[in-house]
Amino acid sequence: MRRPGWLAPVMLLAAGLAGACSEDYEGGVACPVLCPEQNVVVFDTTFDPVAFDTTVTDFPPHGTQTELFLAYRADSLDVRPVVRFDSLPIYFNSGGTDTVIQYVDSAYVRFRVNRSASLVTAPVTIEVFDVDTVVGDSATAANDTSTARERELFRPDRLIGSITLDTAAIKDSIRIPIDSAPLLAKILNQQRLRLGFRVVSSELVQLRLIAYEGGDPPVLRFLPHPDTAFNEVTVASRSAVPRSQFTIAADLSDYVHVLRFPPMPDGSHLTVGGLPGNRPFIRFNIPSRIIDSSNVLRATLILTQFPVKSVSDTSKLTVFPLLVTAGKQVTDVARSAFLTNPPGIGFDSLQFTPRDSGRKEIEIVNALRGWSVPIARESQRALVLRAGPEGVDPRFVSFFSSRAAAPLRPQLRVSYSPVRTFGIP
0 MRRPGWLAPV MLLAAGLAGA CSEDYEGGVA CPVLCPEQNV VVFDTTFDPV
50 AFDTTVTDFP PHGTQTELFL AYRADSLDVR PVVRFDSLPI YFNSGGTDTV
100 IQYVDSAYVR FRVNRSASLV TAPVTIEVFD VDTVVGDSAT AANDTSTARE
150 RELFRPDRLI GSITLDTAAI KDSIRIPIDS APLLAKILNQ QRLRLGFRVV
200 SSELVQLRLI AYEGGDPPVL RFLPHPDTAF NEVTVASRSA VPRSQFTIAA
250 DLSDYVHVLR FPPMPDGSHL TVGGLPGNRP FIRFNIPSRI IDSSNVLRAT
300 LILTQFPVKS VSDTSKLTVF PLLVTAGKQV TDVARSAFLT NPPGIGFDSL
350 QFTPRDSGRK EIEIVNALRG WSVPIARESQ RALVLRAGPE GVDPRFVSFF
400 SSRAAAPLRP QLRVSYSPVR TFGIP
């Protein structure tokens, strides 16, 4: 049976924790020669631990999000999802036989809404655009999903539907009507339908819509006959390209474009969160006397927060420290930042307010204990910080990196006790 990719690092953390906790610091008087009284010496040290640090962006990877983020604020935020219906039906069941579709009425797209995590404080207008790029199959689909290309297609002559909803009308699902004539034309001509969605409101609006990867994807529905006795036709979202890469094609059933977002701090900072999601990656250089020859009692990563102005910048953002599970042979930093243990395992989550500043502490003793066990010798000694959740929250927090002035750089404070061996003198 194949073990999950995160199981090894979890075992590594557990082994380090159990090993550290099994040391007996109590002196014994029953055998004074073999087990003399132990005088435990604890050392405290603070040092610059960073061998390398950077911010890695584009999380979650394009098209792999479990929720589609539809958001708007007039001065700073514009996020628009795209849903593909590349396989439109040309027949419907008319009672035991298949009949060619020559009529379309009451067409709409239904989204499942994560209402409790969405923010709507004023009426919203959702607009639907035909954003088909008319680009054929490609090996990478890069041009087919280009933000620069598709953003130009959100224009009046491509508007094919809209609806205005009061706050009370947005519940656990929403239906967005689209014009029947353009849909019928695409069905008759056996063309694909690709829809882009834009929301506008007088206030900040953030809608979290369940995506294909979330298990309840958006669907297209319409009546195929004037007689309403016939059932609606339901069309699932699907991308037909790239045909040679089925996994990528599935990911591209729906995805998100970030068209406007507050400016991010420059590369001298470590930023977590934002749109698309960012993860600080920190690789550690820890002295051998601590990691290989001691019991680590406590380890605290100290970061200096840099205040930022953003959307909802006075509300706290949850951050998860994650252990990098990639081996030393993985040299791609972006891939290393993706290969981590699941959130909530080995480390406590923390909360930071984007506008705050000053020194912040993150307890990472389990990381050092895990790195000290033999099975960890080929693992990277690295951590990432991840916002929870990623890709559906505009908030972000920043910290000074190892390239900042000395007093602002990351530091590691460690309390440790050298391992002692006992025997006959």
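In numbering that gives the first Met the number 0, the protein residues as written are 0 to 424.
Quick reminder that beta carbons are idealized off the backbone N, C-alpha and C, glycines included.
Note that the coordinates shown come from a computational prediction; the quantities given were computed from them, not determined experimentally.
Contact belief for residue i with residue j at Cβ below 8 angstroms, rounded distance in angstroms
i	j	result
Ser75	Val257	Contact flag wrong, Cβ pair sits at about 12 angstroms.
Ser496	Ala239	This structure does not reach residue 496, given that the chain is present from 0 up to 424, and the question cannot be answered.
Pro122	Thr163	6 angstroms
Glu349	Val318	Residue identity differs from the one stated: residue 349 is Leu in this sequence, not Glu. So it is a contact: roughly 5 angstroms between Cβ atoms.
Leu118	Gln205	4 angstroms
Phe153	Arg197	6 angstroms
Ile209	Tyr107	The Cβ separation is near 16 angstroms, so there is no contact.
Leu302	Ile361	7 angstroms
Pro223	Val232	5 angstroms
Arg237	Arg83	7 angstroms
Val383	Ala325	Going by Cβ atoms, the distance from Val383 to Ala325 rounds to 10 angstroms, so no, they are not a contact pair.
Ile363	Phe346	7 angstroms
DSSP-derived helix/strand/coil call for residue i
i	result
Phe245	helix
Val112	strand
Leu33	For Leu33, the predicted structure reports a pLDDT of 47, less than 50, and the residue's modelled location is therefore unreliable. The matter cannot be settled from this model.
Ser378	strand
Ser414	strand
Arg408	coil
Ile186	helix
Thr144	helix
Gly213	helix
Glu149	helix
Val78	strand
Asp425	Since the displayed the chain opens at 0 and closes at 424, residue 425 lies outside it and no answer follows.
Ile361	strand
Gly387	coil
Gly94	coil
Arg354	coil
Ile285	coil
Thr166	helix
Phe474	Coverage of the chain is limited to positions 0 through 424, which leaves residue 474 absent and any answer about it impossible.
Ala336	helix
Pro176	strand
Ala70	strand
Asp250	helix
Gly369	helix
Arg197	strand
Asp23	Note that Asp23 scores 41 on pLDDT, short of 50, meaning its location in the model is unreliable and no value can be drawn from it.
Pro155	helix
Ile125	strand
Ile344	coil
Val290	Before going further, note that residue 290 is Ile rather than Val in the sequence given. Three-state result, Ile290: helix.
Pro320	strand
Pro279	strand
Short Cβ contact (7 angstroms threshold) for residue i with residue j
i	j	result
Val112	Ile175	no
Pro439	Arg385	The requested residue 439 is not part of the displayed model; the chain covers only 0 to 424.
Ala249	Pro241	no
Gln379	Val323	yes
Asp165	Arg114	no
Ser267	Ser397	no
Leu321	Thr339	yes
Ser356	Pro279	no
Asp57	Pro264	no
Thr63	Asn277	no
Asn284	Ala50	yes
Glu389	Pro59	yes
Ser252	Tyr211	yes
Glu377	Lys327	yes
From the options, residue whose alpha carbon lies closest to that of residue i
i	options	result
Arg458	Ser414, Pro80 and Leu338	Since the displayed the chain opens at 0 and closes at 424, residue 458 lies outside it and no answer follows.
Ile281	Val40, Pro48 and Asp43	Pro48
Arg72	Arg154, Val130 and Glu202	Glu202
Arg358	Leu411, Gln304 and Arg368	Gln304
Leu219	Thr44, Arg109, Arg368 and Ser252	Arg109
Asn230	Arg237, Ser236 and Phe221	Phe221
Val234	Arg191, Thr120, Val329 and Glu151	Arg191
Arg150	Val232, Asp129 and Ile169	Asp129
Arg148	Leu158, Gly195 and Thr96	Gly195
Asp131	Thr120, Thr124 and Asp143	Asp143
Asn365	Gly343, Glu377 and Ile173	Gly343
Gly213	Ala403, Thr65 and Ala375	Thr65
Ile125	Ser161, Asn92, Gly95 and Ser105	Ser161
Any non-hydrogen atom of the ligand COA within 6 angstroms of residue i CB
i	result
Leu296	As presented, the structure is devoid of all ligands, the ligand COA included, so that no description of it is given.
Contact with chain C by residue i, beta-carbon distance below 7 angstroms
i	result
Val364	Any reference to chain C falls outside this structure, which holds one protein chain only.
Does the structure place the region 96-115 close enough to the region 267-276 that three or more beta carbon pairs sit under 8 angstroms?
no
Does the count of Cβ pairs from the region 283-296 and the region 408-416 closer than 8 angstroms reach three?
yes
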